[in-house]
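2 protein chains.
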Amino acid sequence: MAAERLVVIGGDAAGMSAASQARRMRGPDDLEIVVFERGHFTSYSACGIPYWVGGEVAERDKLIARTPEEHRERDIDLRMRTEALEIDTDGRRVRARDLESGEESWTAYDKLVVATGARPVRPELPGIDAPGVHGVQTLDDGQALLDTLTSTSGRRAVIVGAGYIGVEMAEALLRRDYEVTVVTRGEEPMSTLDPDMGRLVHEAMDAMGITTVTGAEVTKILTGEDGRVRAVATADAEYPADVVVLGIGVEPRTELARAAGLPLGEHGGLLTDRAMRVRGHQDIWAGGDCVEVLDLVSGRERHIALGTHANKHGQIIGSGVGGGYATFPGVVGTAVSKVCDLEIARTGLREHEAREAGLQFVTATIESTNSAGYYPGAAVMAVKMLAERRTGRLLGVQIVGREGAAKRVDIAAVALTAGMTVEQVVTLDLGYAPPFSPVWDPVLVAARKAVSAVRAAGS
Amino acid sequence: MAAERLVVIGGDAAGMSAASQARRMRGPDDLEIVVFERGHFTSYSACGIPYWVGGEVAERDKLIARTPEEHRERDIDLRMRTEALEIDTDGRRVRARDLESGEESWTAYDKLVVATGARPVRPELPGIDAPGVHGVQTLDDGQALLDTLTSTSGRRAVIVGAGYIGVEMAEALLRRDYEVTVVTRGEEPMSTLDPDMGRLVHEAMDAMGITTVTGAEVTKILTGEDGRVRAVATADAEYPADVVVLGIGVEPRTELARAAGLPLGEHGGLLTDRAMRVRGHQDIWAGGDCVEVLDLVSGRERHIALGTHANKHGQIIGSGVGGGYATFPGVVGTAVSKVCDLEIARTGLREHEAREAGLQFVTATIESTNSAGYYPGAAVMAVKMLAERRTGRLLGVQIVGREGAAKRVDIAAVALTAGMTVEQVVTLDLGYAPPFSPVWDPVLVAARKAVSAVRAAGS
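Line order of the protein sequences matches chains A and B.
To convert, note that position 23 of the first sequence is 23 in the UniProt record's numbering; the numbers rise steadily by one, no gaps.
To convert, note that position 181 of the second sequence is 181 in the UniProt record's numbering; the numbers rise steadily by one, no gaps.
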């Protein structure tokens with residue numbers, strides 16, 4: 001019998017990374033590891049679902065980084081289709097139900113990891129549960145959507161929501177020869193950008209043949225006589241639909257944590273310390289889509305569901321459980337996405353986020369190209385930059401362009417982390433050769449304009 | 001008559017950027033601007049020459065950002081084909097010769113900018129001046145090479161040197177259906193990388209059908225009865241050649257500066273202060289390929305001929321001349337390049353550079369992919385990272401891979417500038433989505449391995 005038992009609730013990115021890292025650091029004689037996973041899969045890429053639905057990734061299993069069997073070979077007691085129902089922090093135990101047999105039992109823990117993930121926001125609309133209406137959060141969701149696509153002959157798809165899941169699904173369904181309509185409450189698509197930059201995405205989507213309806217709240221899902229979806233209704237109009245995809249966003253899945261009295265933040269996510277320990281609980285860690293993270297630019301907690309953070313959290317938690325030391329300093333809010341050949345990126349704060357954080361700022365927006373203007377295939381790239389008034393500190397960057405545009409946001413992500421001013425950004429020694437950049441990289445051009453804006457704004 | 005006169009020696013990137021920025025800040029009544037340029041062109045992209053020779057850029061004029069006429073329209077007295085012969089710092093005047101008429105005259109200055117650029121290293125080898133042997137430093141060089149290519153029927157090209165100019169010219173001549181042989185003294189091609197990373201370039205060049213001869217010093221250029229080049233000889237072998245391109249590197253063109261007693265560094269480049277003023281001379285600035293720059297990682301001066309630096313220098317000098325304030329903090333040694341679809345990048349220090357700087361270090365090399373492994377077209381990318389022993393400070397990164405590999409080096413360039421440790425790099429919030437990156441960006445994977453290497457090395 002092992003000296004200690006680790007229980008992990010949730011077997012995707014954060015949970016399995018934590019379990020794997022803990023196992024690397026402590027052998028099975030020293031640490032028993034039990035993982036409860038409700039679903040059928042472990043360690044898969046939810047971010048890859050749009051590319052599987054769109055047909056670029058041929059099969060579901062390619063999205064699975066490690067199967068339950070592979071985890072078990074590493075001496076992890078992985079209990080699939082097992083749902084955790086209750087955490088008893090005083091008794092240090094978790095009650096769970098085997099979803100196949102219906103049996104329930106308590107499992108004691110010395111150390112606990114909560115990695116319960118997020119759930120898609122599913123507004124309570126009439127018809128929302130009708131056949132043909134799909135979320136795309138899990139592999140099971142993706143399979144259900146694909147089943148609908150293959151069993152339905154109609155070619156009209158409506159996507160509710162125009163965040164990154166929405167636009168990626170628009171691309172996926174366009175690839176499958178659907179007429180795609182994206183309906184969003186927002187002023188422009190890609191609400192992760194300021195509306196002036198979202199406008200560029202809107203125009204590009206128009207050119208791709210995607211219909212975008214903005215400022216439209218969905219009020220109802222209309223069904224036909226067969227009970228299947230037939231249209232999406234807003235206050236003003238009806239949009240015929242053979243299939244509907246919900247891409248409205250996600251929220252932390254923290255009912256278990258809440259019932260156990262674990263501390264939650266204003267966005268409903270678990271609150272942790274720098275080592276990803278749940279605040280006030282020395283033996284409980286939490287990570288991935290169920291936690292809130294510190295935004296280093298605004299100084300406030302945010303909820304960001306993203307596999308790259310979940311994997312880092314898992315690694316850090318596993319180190320902590322294993323007796324090592326690692327911390328997660330926070331995020332700057334970087335996100336990249338694409339619709340067909342249009343690349344979209346952001347990091348740091350948008351205008352309204354900066355205002356909410358009490359920051360005064362100037363903005364600078366420029367157009368440049370991804371390569372030297374004379375190089376074949378040079379394509380326009382727009383960069384918007386926010387800089388703090390007076391100090392000139394970089395606050396955020398948004399980019400919309402073609403090949404090579406999105407990952408340029410990493411330059412700003414590192415500069416934000418380092419607390420650089422836009423004047424410091426101007427002189428950064430970035431890679432230059434004609435196939436890769438104009439002689440002034442577009443990010444530097446934006447920074448030059450931001451420097452002028454900061455000066456012009458005075459003190 | 002203007003209050004002051006600015007004289008600029010050299011009308012390419014640094015010189016014309018300085019002149020243009022000074023003009024923006026001071027009108028013609030306040031500042032007269034005279035520029036001497038030896039050649040036929042101003043403000044052109046020398047870095048673009050390989051793509052013009054290779055046929056991707058259709059015509060020479062596309063490489064010219066601004067013509068002499070355009071500069072003159074902005075009230076810059078640009079004297080083409082005029083060579084500066086002497087700087088008299090006591091008398092504050094420059095002697096120059098009109099290369100067409102042969103006339104010489106002195107021009108007085110209040111402020112002087114030295115932007116004399118670099119010249120290609122041209123070893124004193126027998127036959128080096130034979131027809132068919134070409135440098136590729138200036139537009140005139142590029143035109144001469146193109147004339148040779150169109151007038152010669154043979155299809156064998158030998159490139160001497162395998163730095164970035166060498167490999168870019170290898171691509172250009174491959175595109176023109178030449179049999180290409182690259183001859184280098186180095187252990188591997190791309191001497192801007194450590195040999196273990198250069199090896200990856202070598203293998204990729206083999207696969208492209210480029211022959212690379214390493215460890216080979218060229219001893220002679222052999223000519224035929226017609227006086228034209230017929231082969232390149234090393235100590236061991238002869239390589240038949242219908243055309244030879246010299247890509248051995250460049251050195252600062254600073255005879256004028258030396259004769260005038262201006263301070264030169266150990267690489268022969270001018271030494272300036274942070275505002276790009278020549279040290280000890282309040283009214284003389286220098287920038288571009290004729291200066292040495294501070295390497296922020298090693299703390300030593302380097303000579304780096306690169307358009308992106310030259311443009312920044314020009315901008316800063318123009319601000320200074322115009323009465324503004326801007327500084328150039330230094331470089332971290334970032335360079336990106338490509339051979340066909342192989343992308344090559346570096347920033348910071350290589351192993352021998354770190355040793356020369358007195359730095360002890362560990363290395364970590366990893367292989368990952370440019371996008372999620374399951375995403376179509378995912379291609380292998382190798383990242384090598386150097387970190388300082390004990391402190392874990394990032395010292396350098398080298399990357400060899402396919403699309404999306406090279407500009408990832410910017411992440412490291414910013415982190416180097418900020419003085420980050422590899423542990424700080426691991427938690428950077430970089431853009432992640434399956435088309436753009438695995439869930440752990442390759443740079444982060446390298447940093448994780450470097451963290452382990454730093455720990456393993458102990459104190």
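Beta carbons: idealized from backbone N, C-alpha and C, even for Gly.
Top-ranked residue by Cα proximity to A:M16, from A:Q424, A:A405 and A:G287
The residue from A:Q424, A:A405 and A:G287 with its alpha-carbon nearest to that of A:M16 is A:G287.
Under 8 Å: do the segment 221-240 of chain A and the segment 368-377 of chain A share three or more Cβ pairs, one atom per stretch?
no
Hey, how far is the Cα of A:P438 from the Cα of A:L85?
56 Å
Kindly indicate which residue of B:T138, B:V133, B:A108 and B:E103 has the alpha-carbon position closest to the one of B:L116.
For clarity, residue 116 of chain B is Thr in the given sequence; the question names Leu instead. For B:T116, the nearest C-alpha among the options comes from B:T138.
Check the Cβ of B:R277 against every Cβ in chain A and list those closer than 7 Å, keeping chain order.
Residues of chain A passing the Cβ test: none, with the nearest at roughly 16 Å.
Buried or exposed: which applies to B:W106, given that a residue is buried once 16 or more other Cβ atoms fall within 10 Å of its Cβ?
Looking at its Cβ environment, which holds fewer than 16 other Cβ atoms inside 10 Å, B:W106 is exposed.
For the beta strand (DSSP E) containing B:G227, list its first residue and its last residue.
Per DSSP, B:G227 belongs to no beta strand (DSSP E) and is neither H nor E.
Are the segment 201-212 of chain B and the segment 259-268 of chain B in contact at 8 Å, needing three or more beta carbon pairs?
no
Using beta carbons (cut-off 8 Å, strictly below), is B:E56 in contact with chain A?
yes
Give every residue of the same chain whose Cβ lies closer than 7 Å to the Cβ of B:V57, excluding the five residues on either side of it in the sequence, and list them in chain order.
G48, Y51 and L63
Given a cut-off of 8 Å on the beta-carbon distance, is the pair A:E292 and A:R277 in contact?
In this structure, A:R277 does not lie closer than 8 Å to A:E292 by Cβ.
Nearest-angstrom Cα distance between A:A415 and A:T148?
45 Å
Nearest-angstrom Cα separation, counted from B:M381 out to B:I411
Our two residues, B:I411 and B:M381, have alpha carbons roughly 15 Å apart in a direct line.
Measuring only between beta-carbons, confirm whether B:L63 sits less than 8 Å from chain A.
Closer than 8 Å: yes.
Determine whether the beta carbon atoms of B:L6 and B:K111 lie at a separation below 8 Å.
yes
From A:G102, A:D141 and A:D283, residue whose alpha carbon lies closest to that of A:G91:
A:D283
Does the beta carbon of B:V284 sit closer than 8 Å to a beta carbon anywhere in chain A?
Checking the displayed sequence, the identity of residue 284 of chain B turns out to be Ile instead of Val. Judged by the 8 Å Cβ criterion, B:I284 is not in contact with chain A.
If you run the structure through DSSP and keep just helix, strand and coil, what is A:L262?
coil
State the start and end residues of the unbroken beta strand (DSSP E) segment that holds A:Y239.
E238 to P240
So that I know if they touch, is there some Cβ in chain A lying closer than 8 Å to that of B:K338?
yes
In chain D, what lies closer than 8 Å to A:A345 by C-beta?
In summary, chain D is missing from the structure at hand, where the protein chains are A and B.
Rounded to the nearest angstrom, how far is the Cβ of B:V133 from that of B:V35, given a contact under 8 Å?
31 Å between Cβ atoms; not a contact.
Taking C-alpha atoms, which residue in A:T150, A:P252, A:G154 and A:S191 lies nearest to A:G161?
Residue A:S191 is the option with its Cα nearest to A:G161.
A:Q137: first and last residue of the uninterrupted alpha helix (DSSP H) it sits in:
Taken as a continuous stretch (DSSP letters only), A:Q137 belongs to no alpha helix (DSSP H), as it is neither H nor E.
Proximity test, Cβ basis, 8 Å: B:M197 and chain A:
no
Of the choices B:E225, B:V243, B:E124 and B:L296, whose alpha-carbon is the least far from that of B:A170?
Considering only alpha carbons, the answer is B:V243.
Taking a cut of 9 Å between CB atoms, which residues from the segment 305-326 of chain A lie near chain B?
L306, G307, T308, H309, A310, N311, K312, Q315, I316 and A326
Can you name the residues that DSSP bridges to A:F361?
A:E388
The segment 395-409 of chain A: positions lying closer than 9 Å to chain B by Cβ
E403, G404, A406, K407, R408 and V409
Against A:Y51, what residues of chain B qualify as contacts under a CB-to-CB distance less than 7 Å, listed in chain order?
Y375 and P434
Nearest candidate by alpha-carbon position, reference A:S337, set A:G404, A:E203 and A:G10
A:G404
Limits of the unbroken alpha helix (DSSP H) element including A:A354
Taken as a continuous stretch (DSSP letters only), the alpha helix (DSSP H) holding A:A354 covers E351 to E356.
Neighbourhood of B:T363 by C-beta, 6 Å cutoff - its chain only, sequence neighbours within 5 removed
L386
Please report the straight-line C-alpha distance between A:L342 and A:A379, rounded to a whole angstrom.
Approximately 11 Å, taken between the alpha carbons.
With DSSP run on the structure shown, which of helix, strand or coil describes A:R253?
coil
Under 8 Å between the Cβ atoms of B:V158 and B:Y239?
Annotated as proximal: B:V158 and B:Y239, with beta-carbon spacing under 8 Å.
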